[in-house]
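Mapping the sequence shown onto the working numbering, position 12 (from 1) lands on 169, and the numbers just tick up by one. First comes the structure, then the notes that go with it.
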Amino acid sequence: MEVAILQLWEPAMPPGWAVVFQQATQVLSVVIGVLIAYQAYRGYRRNDSRPMFYIALGFTLALAVPFCIFLLYGILPGLPVTAVIVTSQLSQVSGLVAILYALWMPT
């Protein structure tokens, strides 16, 4: 018998409201992340600030790209699950590395 480390509800399926809440907050996170990326890109263009460019790139890679990958997975049935998960996780990690680089970069 396999025991989950953190189990909030029965392993079958979460309640319907939890699924809707999760999807709504994911969409909201992507929208806010894209707005942050847009503002950072505007700051990069206005001030020619390389750290702002990497912050914009990081938010795009960490939030928008994985969301688009999962949307494509829902639309295109032939995509392998492993490729979707690996690509999404690599994008998120790359985005976080870009943000970290921007924070440590000399101006």
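Every residue, glycine too, gets a C-beta built ideally from N, C-alpha and C. If you're wondering where the values come from, they're calculated on a predicted model, not measured in any experiment.
Could you tell me which uninterrupted alpha helix (DSSP H) segments, each at least 4 residues in length, are contained entirely in the stretch 196-222, listed from first to last along the chain? 207-216
Through-space distance from Tyr230 to Leu214, alpha-carbon basis: 23 Å
Mapping DSSP to helix, strand and coil, what is Gly235? coil
Quick one: measure Cβ to Cβ for Leu253 and Ala221, integer angstroms, because I've assumed they're closer than 8 Å. 14 Å between Cβ atoms; not a contact.
Quick one: residues in its chain with C-beta nearer than 8 Å to the C-beta of Gln183, no 5 flanking neighbours on either side, listed in chain order? Phe224
Would Val241 pass as a contact of Ile226 if the rule is Cβ separation under 8 Å? yes
Mind reading off the beta-carbon distance from Phe216 to Ala197? Whole number of angstroms is fine, and I expect it under 8 Å. 7 Å
Simplified DSSP state of Ala259, which is helix, strand or coil: helix
What does the alpha-carbon distance come out to for the pair Ala259 and Tyr195? 16 Å
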